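Residue numbers (this note's numbering), protein chains in the order written: chain P, 5 to 373; chain H, 2 to 310; chain W, 6 to 337; chain L, 322 to 655; chain C, 343 to 868.
Report on the structure given below.
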Ligand SMILES: Nc1ncnc2c1ncn2[C@@H]1O[C@H](COP(=O)(O)OP(=O)(O)OP(=O)(O)O)[C@@H](O)[C@H]1O
Ligand SMILES: Nc1ncnc2c1ncn2[C@@H]1O[C@H](COP(=O)(O)OP(=O)(O)OP(=O)(O)O)[C@@H](O)[C@H]1O
Ligand SMILES: [Mg+2]
Ligand SMILES: [Mg+2]
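In structure tokens:
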């Protein structure tokens, strides 16, 4: 780990238009999936991103790699703004940033052998100079992720979940990237196998000096592997801190609640744990609340500012170095000056913009998808 | 570990089932156990053999007017079965059995070519729409909508009537046009699904070139349903061609031994005096169409991830 | 007498042309009134099949259920279909994993709640609606009257799960079976739902069978925990005992392999090697043997039986010793 | 809901415009031309040329198109070349027959298809199920016109149960009110006329219904099976609900969704099949108009019929969408 | 509903005839099509008519007709006491009104629809269409109440037979005026007619128009009580059944009591059911056209003869055509005055054919053979079968055939008659009235793309024959011409098919006409 900055994201926004129309679709609103995120990742570190489902973690990760077009903002990767690259330069730049997906199987083309999966990226970047060196490289890759050499001729469906994820990791490694974005790398795996992948990721980082952005909704996993953690809520970062600092002294009410909500496999801890139960549900990202996005569920919500002024991510006096929080009242809450109160859950309006409702122009279309 | 989304895991299983390579093998294995599939395969197999070797199998020249002298339509006489003519002759005194056998070849030709042409055009349209999305998709799909909004037989009739110089290909193309929108929509659907899929995203993030992604990843993975549909289309094409023949829009060479043509003519003219002339080709068409349908349906069933376990 | 006595429950799936598959293999456990019993295990170990077998909700064909399930002394497995229907929803309630797909998308929430009241309480629709609103209110759904006429897709995930719970508890059943009720939900919502369940069960003295793969959930909720592996119970203990001194190498391995929020960074996780696919059939030894760090020769030759062990039950030839806190070293 | 309907209507406009252009361009590119069709046997080349000039067919094609479009928009499809009657009134006369036939076929297909599909699903894998599937597969493989002849041969010629064709006995002297023979009989209380019309409908409707019937059976079966596997059915069972309630309240409604769509798509097939059926059973409906129009290159009639077909198709599918909205609240919400 | 079938068993006096298509409208002058003529004939009378069952003339509205002035003047003595269906009297003024109406018809649209008038009278007072020539008609005078005098600008062999044409039927002047009969409008691709044509046709004929139910496809006529023929039927219904099988079955089941043109293959079957198949004497000709411009080899008469010898017409006629059909010996049928009975049919002799081809150096000849689809004609019940039979025969003498099928209206007539794209083609002709010129004059009277030859000698002979006013002299002239044609062999006459008419067992008094000119006044239901 160093202080050298590898990625610097500033004011990144990704808004997905919601289309709807009579004759021609027109945009009637946006899903504010990522809405103004600033974030810095240092070389060699693991940055963890947590948050509830739908808060924009994956979108952020993808926008970083330009797999989703950002609406605005910049993603400076090692000096170049990825958000502005085009065509062939973008394609070339992709070599240095790779992704690991949640669902190991669907991210592997079922018709490709492992060899072909691994060689494809190398070929795209001219790394497969000659047969011998390629073969050597393949052996290295397999060894690195702990798969037998005989795997090369096999197809993804012939592997177990954990092994498939290893193939996905090997594919990412094949092009010798600097940064790997891992989007829920273990959440689709059996409980007993998750640790294998987590350990592998850590090992690879040690050996290859990789930089990770690990996305998960599971704070325990994130805390385990990350150096620093960003907590997301409704498209923006609400808190960012070193892994331990975050656990020891969460400053944002949401972080507090999140931490307290996670069950620990230890009855002793569980029995004594004091939970902050949040009321209500996550509002729709298409219709985020004004002011602080969290104010609708916040037990520390104040009369002023919270529902009008959107708090920026800031450092707080007396907090751990590098800890930043987006709450107007962080200090007062920490110091116990403000007491939590009960929150009446608000109705979360679903309906037209509900992601559960398929958006189709006609039934015929719906049937096909 | 908390919160393992088993829901998502189910999907993984499903995908494992539909994974390309295993998919084919599993499907074949499952089909080998299904009587429906076996019947379908046997019928289609026999039909294919028959079609290929028809000229060798036919006992007589299907175009020679052996018993023409004995045909007197004015008195309603078309000679029936007799020595050397086990099924009798048609209204030109030609051997019916030989014509039926050779007809398999023509029928197969019509069915296969119509399907292939429909498939080719449909795949180009659907493939472009699916690969590019956006306005290309919008424009192409509007076109397909239009084709869909004309009932299939009308579409075929229209195309058949359009031909300046009708020949066998007119029928084939007419029938092919009917399946174009079906193939186009099917391929587009699967391609679009592929577009957002993780493995395409993975290839993009690896920096694989766009056309390579389309051709190497998206297209091959979209083919399964298309192949199933093609098998089913073969059956409907044969029937559709017969309907065109019936409406007088069929093959303009009136003496060609083709089931649809034979059926169309006999159903109109000789149902009262010699119904066999209509029944034999009709039964042949029904059996073959059934064969392809059975095969296609069992293939669809076998490929359906829902039926796994 | 226990409220529910499950004895030697066995479910065999048999499909034409395929080998029979034993999903649940001699399961026995008791649930006392007011008690919360946990069934924990990885995906595919037979948790859901067990619960469905108890509720007699498995398909009529393609499987064979043997053994005994006694509810308040009545053998459920030999009840007639209609007698069993009378019990379901009244004596036995059930909550499923996915709240969205477990609610009928085309019927208003209200009707889905009142249905059960009408069925078992013989209430008229109007009266049932009033009760339904009360129920929704009790499970914490705001503005219940309005929600009655809404459809499932108009509710958020957490609200849907609350509605499902309301349905399951509508007739005050003696036993509630919750099959991974929070798996599809976010942590903050999960916490709400778990708290709600706990409260309802406590208030009404309902017994609860909690099915989950999340040891954390079990730790906070259950009185007694059954750990399942390959369709059999491999370990049973009171929750404190189980987490303090896991005896079965599988239980132990699970605990060691998952990161704990309260453990610091850097502590290496100890994975269980292999995967569930490596199981061997129970009749030729211990199913877990191929993945077991404590494997000894007998493990692959003699099938272990469930035996008394320090106040709980254990199915293992070579259990983890309490001292061996570092066991599982051989996991790699 | 109203907005939803309006929107679906407006969405159809571009489709119809493209269609009109295609239809127009296509018909104009056909050899022969209307004059030939009009003049029949006595058409000398000179007369044909003269008529063509008279009808403005020598003008640039796009001018012809706009003139055509202008007339179409004012509801004027011109006169049929064959009958010289206004196409619109021709269609008006033929429409009831085709509607009667299609509706009867649809009623047969839906009325028998859904219950049978449902029963097949309930006894999945059993004899009844297999027999049903086999029947529907065979049903799809039989050419409609041949089936028509077969039915005619067996039921009217051999058994004499049903009339061979037509819509009604000529001499029954039914009073014409709406043009719908069955309905007219009811309106005027000429019950024998209604009955006669129904008897005439039986065979053609049965022939026309086969394919939609087969498709509906199979879709129903598949979707019932799908729904029966849904989690919410398990929820309903866990409530202790009886099978009939579950079936009625939970299975059927959800299972009907895909069936509704299929029914919509089948109307396209019905129109095509009507061409063949009407021919075989000698019904003077749109199908015969069309067949005759094609044979004799009756441009005005063909244009009108194809456009009408597309409009009907679009409308029916809109109705399906609306019914979908009624059944499924998720669609309504949009 | 008052079911008439149940009301009285047996004779109800209603005759239901199965029509193959909808009528166009009922103004005879604008019509050119058989389905409509069949109905029109029952409602209107012409000045002269054909004697039932023949092509001989007999009085109708005119009791006598007299040519004078070298055939340029025709004097008609009219039947007395005749009234139109609207009650107005039929007289010489009405006759002249009709002739003047036709002659003075205004508007391109209207003129373009008067096909038969154009053929016979060649021009209008003011020609608005391009293709019409000098008018033959000069004027008409009502000499007295019952004598009409028609003056022509030139004599034509077609007269007086042409006065039997149903197009030249007499309509009620009152009705014509009242219902705007002359108004024919053209919009877009099509023509629209007036109330007279659609709703109020008014003639003097044995049956009156009652109604046209387009929904059911039924035209109903009722008896004209005062008609001099004393029609027996109370009512005639023309019921449209477009499908041939449908008509056949409707007849079998008693839904209809007659239809036209049954397929030859069904004659036996129909008779077996007790139906009466009435075979019309042939008044038509089916020929194999030869286009000499298409292939230069065809300009050699030997090659044309070879084709004639190579076709087994005997066999074709026997196996494919109806009984009574005969192999054609020339281009006019027997019933036509001018038929040359000296001429023998060219025999089937494939060896001779090959020999001739060899002599002409035309072995291995490849010919484009056109045939029409989507049509049946009285002279060609099944074009595809006809094509098959002939082309197979020609293949047998070593000629290669390139088959080209075209829809009748979708290019066949254009290609064959206008552009002459073919080498060989199938066509034929049904006579309109008893006049040889109506056949051979139409075919070979001038140079045409259809046949692609220029034979001034032949053209001359034909026009002279046509101009001969004396009937006997004209007959001899045509016999001569027919021989000349067969020697030159510009095409090959194949057969004189006999189109039939079928009626149910109870139908009596139906007389089949060679000209398909059946008038139902004599029909009764037994
Ligand atoms: N392509 C897209 N078009 C429209 N909306 C999108 C798209 N992708 C994501 N969204 C919406 O953006 C929001 C954020 O999605 P995202 O996938 O980034 O969430 P997430 O935090 O990764 O959630 P999860 O934990 O469920 O993966 C969601 O409401 C989602 O519905
Ligand atoms: N209907 C069935 N037919 C055949 N096998 C089945 C059926 N239902 C379940 N099984 C099998 O029985 C085993 C146990 O399934 P069960 O659903 O009980 O697992 P689980 O413990 O609930 O897992 P999860 O955590 O994924 O829900 C699995 O291997 C499964 O494949
Ligand atoms: Mg995500
Ligand atoms: Mg489960």
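We put the CB at the ideal spot given by N, CA and C, even for glycine.
Values in this document were obtained by computation on a predicted structure and should not be read as measured data.
Per the Cβ contact rule, the stretch 606-615 of chain C is in contact with the stretch 60-76 of chain H (3 or more Cβ pairs under 8 Å). Taking 8 Å as the cut-off, the beta carbon of residue 180 of chain H is found no closer than this to the beta carbon of residue 340 of chain L.
Uninterrupted alpha helix (DSSP H) stretches at least 4 residues long and entirely within the stretch 206-293 of chain P occur at 223-229, 247-252, 257-265 and 271-276, given in chain order. For the stretch 698-718 of chain C, the set of positions with a beta-carbon nearer than 7 Å to some beta-carbon of chain L reads 716 in chain order.
Following the DSSP letters along the chain, one finds residue 103 of chain P inside the beta strand (DSSP E) bounded by residues 101-104. Note: residue 183 of chain P is bridge-paired with P:101 and P:215 in the DSSP secondary-structure output. In this structure, residue 52 of chain W has its CB closer than 7 Å to one or more heavy atoms of ligand 4.
The Cβ neighbour count for residue 394 of chain L, taken over all protein chains shown within 10 Å, is under 16; the residue is labelled exposed. Identification of chain P residues near residue 212 of chain W by a Cβ-Cβ cut-off of 7 Å yields none; the smallest Cβ-Cβ distance measures about 19 Å. Nearest C-alpha to residue 485 of chain C among C:433, C:509 and C:499: C:433.
Excluding the 5 residues flanking it on each side, residue 21 of chain P has same chain C-beta neighbours closer than 7 Å at 31 and 34, in chain order. Using a CB distance below 9 Å, the part of the stretch 90-119 of chain H facing chain C consists of 92, 93 and 94, ordered along the chain.
Counting C-beta atoms within 10 angstroms of its own C-beta, residue 140 of chain H has fewer than 16 neighbours from the protein chains shown and is therefore classed as exposed. At least one CB atom of chain C sits nearer than 8 Å to the CB of residue 404 of chain L. The beta carbon of residue 23 of chain W sits no closer than 8 Å to any beta carbon of chain L. Selection C:785, C:825, C:732 and C:551 evaluated against residue 577 of chain C yields C:551 as nearest (Cα-Cα). It is roughly 9 Å from the alpha-carbon of residue 698 of chain C to the alpha-carbon of residue 651 of chain C. Judged by beta-carbon spacing, residue 687 of chain C lies beyond the 8 Å limit of residue 639 of chain C, meaning their Cβ atoms are not closer than that value.
Residue C:482 holds the alpha-carbon nearest to the alpha-carbon of residue 446 of chain C among C:482, C:649 and C:809. By the beta-carbon neighbour count (other beta carbons within 10 angstroms, threshold 16), residue 282 of chain W is exposed. Against chain H, a Cβ distance below 7 Å from residue 491 of chain L picks out nothing, because the smallest value is about 23 Å. At a cut-off of 8 Å, the C-beta of residue 729 of chain C has a neighbouring C-beta in chain H.
Restricted to the stretch 66-103 of chain W, the beta strand (DSSP E) segments that are unbroken, complete and at least 3 residues in length are 68-76 and 97-100, listed in chain order. Boundaries for residue 442 of chain C: no beta strand (DSSP E) harbours it, while the alpha helix (DSSP H) harbouring it runs 434-445, taken from the DSSP string. Between the alpha carbons of residue 842 of chain C and residue 538 of chain L lies a distance of about 48 Å. Approximately 7 Å separates the beta-carbon atoms of residue 262 of chain W and residue 198 of chain P; this is inside 8 Å, confirming the contact. Boundaries of the beta strand (DSSP E) around residue 76 of chain P: 76-81. A Cβ-Cβ contact shorter than 8 Å links residue 486 of chain L with residue 592 of chain C.
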